[in-house]
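Q: First, the structure itself, so that you have it in front of you.
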Amino acid sequence: MKKKICLSIVLLFISFNLIGQDLKWTGFENNDFFNENNWQELSNGLPPEANTLNPDEEITHNLYLTCNTIALGTIILADEKHLFLENGELMVNKISGFGGVSLNENAHIIFEESLEFNGTTFNFNSSNSSLALKNNTPMNSYENIEYFYMGGNPSFFNDNIKIDNYYSGALIRPLDSSFAPMKLFSEENLAGNSINIGQYEIFTGENIPENFNNSINSFTLERGYMATLATNEDGTGKSKVFIASQRKILINELPSYLKNNISFVRVIPWNWVNKKGTAGDITYMNNDWFYRWSNNGESDLNREYAPMVWGKGAADEQVDIDILTSKLKSTHVLAFNEPDNCNDQSGQYGNMCVVDTAFTYYKNLAKTGMRLVSPACRQDQVFTWLNQFNQLAQQDDVRIDVIAVHWYDWNSNPQQNPNANPQDVFYRFTNYLQSVHDLYGLPIWITEFNANRYRNEWVHRQFLELALPYLENLDYVERYSFFPPVTDVADFFDENNNLTWIGELYHNFQSSPSLPNESYLMTNNISEIELENNYEYYCDPELSFLSIEEINNNRLIYPNPSENHIYINSDKIYSKIVLLDSNGRKIKSFTESKKIDISFLENGTYFLNVDGTSIKFIKK
């Protein structure tokens, strides 16, 4: 009898101790992660003691977090302690220790400092979740892929995990072909019937599910995705691109030209890049995008490839469109290279220098559902040839999202002025860009530029030192790529493949985000109507997955995740215990057992049904 009493006391102590180790977010005071008054102990509903949560000190509690929070410092998780996040964004310097982080529905973490990959594991339990590492490259993230799990399973690049650019860093998220980032509604204000739209696939006309062709009036688009809507089945007609970069988009009422008039829908993952790129597949320039005057390049881990349709031959057949839509990471298509020139470049073939001819093939690019960058003309032809091209596009309702330009300061008689004042070159450059923007009112990509091939290296270097900071601060310039002159006077590398002064300047220059806003409801050449993102983030900790009842259920078993055994933390005798797989299929039954053997299971997510209550756990 005495032994039974002692054992009961020990079990009660263990149970109380486990309960006392759980903290739930309340946000009573502010959004400071390390403020104890924003948390409550589940054992008594009171805030934990002072100094329970300190930056750069080990945390010995399980943490159930929701809502948007900021952690100014390092979160150090003790061994087997976990941070569970749902319906919120955590901005944190870094997370370390030997515990784990679970990202549930709508969970996003942004790391301000480099993640050291020193023991903490990250488990994605929802396809709608992400980790943004501002100071870890995609390659570095890939090299440490063993720290990421998908539903408790090991992660495999381009199988169940996706690694994108996040400006100078990386964004890690699940790769799930069944995930539908967009939801369409038949009535305004997200009312009526609804359908989910998956990623990558192009939906047109009667192929839009559930008879939603010409029946769309409102929609939502999840964070991290881009969507294109158009009135014609080939992607032409009135159309608009929506980018939910870092904030969900909710449109309660579409503009009149799209109401009940949409026959083209495509959703693709967004990729976050800085402004600085390269003209050509040039490595070691510390850039995260490039193009190569063709459609046959590929993105790599650290760089996004922007495909170019150089001329007619890359835009006249469906296979050309299929090539473009197959590109991983690519979100834009660059149209023709100097089609205005009848004697050179793409304009010399197939009558492409005739505006009507070029426009005929350009229309095919709308089938991609990607953002469309205009043909890149010679310097002055942006005001003449391209202007005529744009007028045709406006007449026929064919979208242009971005204006591409080439600039070489040809109007300054460079042959006779090789030692030009770099300041004067810079002023002509800035005036040119402003004139282009005044004419079209659209974002600009400068896909080729330099101070002219007749200028010496010093002029190019001084010009770049003025131009690069200016371009970074010019809001209507989305991207730029310096193109070293063909005379080799301002190359990136010398004959020994070492960086030149120009190369060092371009490599060392730190670029900034191309599209820095949280969301974009893009205007274009055929739509100047400004829409409002109606999404308002709302979070109530009491209404999230962190209800007391659910946490109490989760606390019934421990540890979770586990490798070999899980224990039922209760004095109650349970008569029916059933182990289920993630689809609810029975694996095994147990009778009056407090210790459940799970060593034989594959890694993944499972359920333990205890007298009718199902509790999710992870086998690791």
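For the sequence shown, the residue numbers in my numbering are 1165 to 1784. Just so it is clear, CB atoms sit at the ideal spot from N, CA and C, and this is done for glycine as well.
#1: Can you give me the C-alpha to C-alpha distance between residue 1286 and residue 1226, rounded to a whole angstrom?
#2: Are the region 1378-1391 and the region 1471-1489 touching, with three or more C-beta to C-beta distances below 8 Å?
#3: Roughly how many angstroms lie between the CA atoms of residue 1529 and residue 1232, to the nearest whole one?
#4: Ends of the alpha helix (DSSP H) at residue 1521?
#5: Considering only residues of the same chain and omitting the five flanking positions on each side of residue 1684, which have a CB-CB separation below 6 Å?
#6: Quick one: what does DSSP say residue 1225 is sitting in, helix, strand or coil?
#7: From which residue to which residue does the beta strand (DSSP E) around residue 1553 run?
#8: What are the boundary residues of the beta strand (DSSP E) that includes residue 1337?
#9: For residue 1279, tell me which candidate among 1263, 1305, 1265, 1272 has the shortest Cα-Cα distance.
#10: If I follow the unbroken beta strand (DSSP E) through residue 1390, where does it start and stop?
#11: Residue 1770 and residue 1751: beta carbons closer than 9 Å?
#12: Write down every uninterrupted run of the alpha helix (DSSP H) in the region 1626-1668 whose length is 4 residues or greater and which is fully enclosed by it, in chain order.
#13: Rounded to a whole number of angstroms, what is the C-alpha to C-alpha distance between residue 1358 and residue 1377?
#14: Grab the span of the beta strand (DSSP E) containing residue 1403 for me, first residue to last.
#15: With a cut-off of 8 Å on the beta carbons, I'd call residue 1289 and residue 1266 a contact; round off their distance for me.
#16: With a threshold of 8 Å, are at least 3 pairs of Cβ atoms found where one atom belongs to the region 1391-1402 and the other to the region 1561-1575?
#17: What are the residues that DSSP puts in a beta bridge with residue 1541?
#18: Quick one: Cα of residue 1767 to Cα of residue 1291, how far?
#19: Note down, in chain order, each residue of its chain lying with its Cβ closer than 6 Å to the Cβ of residue 1235, except the 5 sequence neighbours on either side.
#20: Identify the continuous alpha helix (DSSP H) that holds residue 1304 and give its terminal residues.
#21: With DSSP run on the structure shown, which of helix, strand or coil describes residue 1385?
#22: Hey, would you say residue 1632 sits closer than 9 Å to residue 1669, going by beta carbons?
#23: At 3 residues or longer, and completely inside the region 1594-1629: list those beta strand (DSSP E) runs for me, N to C.
#24: Excluding the five sequence neighbours on either side, which residues of its own chain have a C-beta within less than 6 Å of the C-beta of residue 1391, listed in chain order?
#25: From residue 1199 to residue 1217, what does the alpha carbon distance come to, in whole angstroms?
#26: Could you give the residue range of the alpha helix (DSSP H) that holds residue 1504?
#27: So is residue 1540 buried or exposed if we call it buried at 16+ other beta carbons inside 10 Å?
#28: So, helix, strand or coil for residue 1574, using DSSP?
#29: When burial is assigned at 16 or more other CB atoms within 10 Å of the CB, is residue 1772 buried or exposed?
#30: What does the Cβ neighbour count give for residue 1307, buried or exposed, with the cut at 16 atoms within 10 Å?
#31: Identify, in the order they occur along the chain, each residue of the same chain with its Cβ nearer than 7 Å to the Cβ of residue 1596, setting aside the five sequence neighbours on each side.
#32: Could you pull out every residue in the same chain whose Cβ sits closer than 8 Å to the Cβ of residue 1624, ignoring the five residues on either side in sequence?
#33: To which residues of the same chain is residue 1379 closer than 7 Å at the C-beta, ignoring the five residues directly before and after it?
#34: Report the option in 1296, 1646, 1514, 1338 whose CA atom is closest to the CA atom of residue 1453.
#35: Could you tell me whether the Cβ atoms of residue 1759 and residue 1730 are closer together than 9 Å?
#36: Throw me the rounded Cβ distance for the residue 1439 and residue 1640 pair, which I believe falls under 8 Å.
A: Inspection of the coordinates gives the following:
#1: Taking the first residue of the sequence shown as position 1, residue 1286 is located at position 122. Taking the first residue of the sequence shown as position 1, residue 1226 is located at position 62. Each residue's alpha carbon lies about 15 Å from the other.
#2: no
#3: Sequence index remark: in the sequence shown, residue 1529 carries index 365 (1-based). Sequence index remark: in the sequence shown, residue 1232 carries index 68 (1-based). About 40 Å.
#4: For the purposes of this step, residue 1521 is taken as the residue at position 357 of the sequence shown. Its alpha helix (DSSP H) spans residues 1519-1526.
#5: Position 520 of the sequence shown, counting from 1, holds the residue named residue 1684. Excluding positions up to five away in sequence, the list reads 1407.
#6: Residue 1225 sits at position 61 when you count from the first residue of the sequence shown. For residue 1225, the secondary structure class from DSSP, reduced to helix, strand or coil, is coil.
#7: By one-based count along the sequence shown, residue 1553 stands at place 389. Unbroken run through residue 1553 is the alpha helix (DSSP H), 1549-1560; no beta strand (DSSP E).
#8: One-based indexing of the sequence shown puts residue 1337 at position 173. First-last of the beta strand (DSSP E) with residue 1337: 1333-1338.
#9: As a working mapping, residue 1279 is identified with position 115 in the sequence shown. With distances taken between Cα atoms, residue 1279 lies closest to 1305.
#10: Counted from its first residue, the sequence shown places residue 1390 at position 226. Start and end: 1389-1394.
#11: Numbered from 1 along the sequence shown, position 606 holds the residue referred to as residue 1770. Numbered from 1 along the sequence shown, position 587 holds the residue referred to as residue 1751. Judged by beta-carbon spacing, residue 1751 lies within the 9 Å limit of residue 1770, meaning their Cβ atoms are closer than that value.
#12: DSSP runs (the alpha helix (DSSP H)) wholly in the region 1626-1668: none.
#13: Indexing the sequence shown from 1 puts residue 1358 at position 194. Indexing the sequence shown from 1 puts residue 1377 at position 213. Computed Cα separation, rounded: 12 Å.
#14: The residue given as residue 1403 occupies position 239 in the sequence shown. Here the beta strand (DSSP E) through residue 1403 covers 1403-1408.
#15: Working through the sequence shown from its first residue, we reach residue 1289 at position 125. Working through the sequence shown from its first residue, we reach residue 1266 at position 102. Going by Cβ atoms, the distance from residue 1289 to residue 1266 rounds to 6 Å, so yes, they are a contact pair.
#16: yes
#17: In the sequence shown, residue 1541 corresponds to position 377, counting from 1. In the DSSP output, where bridge partners are listed per residue, residue 1541 has 1569.
#18: As a working mapping, residue 1767 is identified with position 603 in the sequence shown. As a working mapping, residue 1291 is identified with position 127 in the sequence shown. C-alpha separation (whole angstroms): 18 Å.
#19: Your numbering for residue 1235 matches position 71 in the sequence shown. Closer than 6 Å at the Cβ level, and outside the excluded window around residue 1235, lie 1197, 1256.
#20: In the sequence shown, counting from the first residue as 1, residue 1304 sits at position 140. 1302-1307 is the extent of the alpha helix (DSSP H) around residue 1304.
#21: If you number the sequence shown from 1, residue 1385 lands on position 221. DSSP places residue 1385 in strand when its eight states are reduced to three.
#22: Within the sequence shown, numbered from 1, the residue matching residue 1632 stands at position 468. Within the sequence shown, numbered from 1, the residue matching residue 1669 stands at position 505. Their beta carbons are under 9 Å apart, which means residue 1632 touches residue 1669 by this criterion.
#23: 1608-1613
#24: Translated into the one-based positions of the sequence shown, residue 1391 becomes position 227. Excluding residues within five positions, the ones whose Cβ falls inside 6 Å are 1346, 1385, 1406, 1431.
#25: Reading the sequence shown from its first residue, position 35 is the one you call residue 1199. Reading the sequence shown from its first residue, position 53 is the one you call residue 1217. Straight-line Cα distance between these residues: approximately 7 Å.
#26: Taking the first residue of the sequence shown as position 1, residue 1504 is located at position 340. Boundaries cannot be given for residue 1504, as no alpha helix (DSSP H) includes it and DSSP labels it neither H nor E.
#27: In the sequence shown, counting from the first residue as 1, residue 1540 sits at position 376. Around the beta carbon of residue 1540, 16 or more other beta carbons sit within 10 angstroms, so the residue counts as buried.
#28: The count along the sequence shown starts at 1 and reaches residue 1574 at position 410. Residue state, collapsed to three classes: helix.
#29: Residue 1772 sits at position 608 when you count from the first residue of the sequence shown. It counts as buried.
#30: By 1-based counting over the sequence shown, the position of residue 1307 is 143. Label assigned to residue 1307: exposed.
#31: One-based indexing of the sequence shown puts residue 1596 at position 432. Contacts found: 1571.
#32: On the sequence shown, residue 1624 is found 460 positions in, with the first residue counted as 1. The residues are 1614, 1615, 1649, 1653, 1654, 1666.
#33: Within the sequence shown, numbered from 1, the residue matching residue 1379 stands at position 215. Correct list, in chain order: 1350, 1424.
#34: In the sequence shown, residue 1453 corresponds to position 289, counting from 1. It is 1646.
#35: Residue 1759 sits at position 595 when you count from the first residue of the sequence shown. Residue 1730 sits at position 566 when you count from the first residue of the sequence shown. Their beta carbons are under 9 Å apart, which means residue 1759 touches residue 1730 by this criterion.
#36: The residue given as residue 1439 occupies position 275 in the sequence shown. The residue given as residue 1640 occupies position 476 in the sequence shown. With a Cβ gap of about 11 Å, residue 1439 and residue 1640 do not count as contacting.
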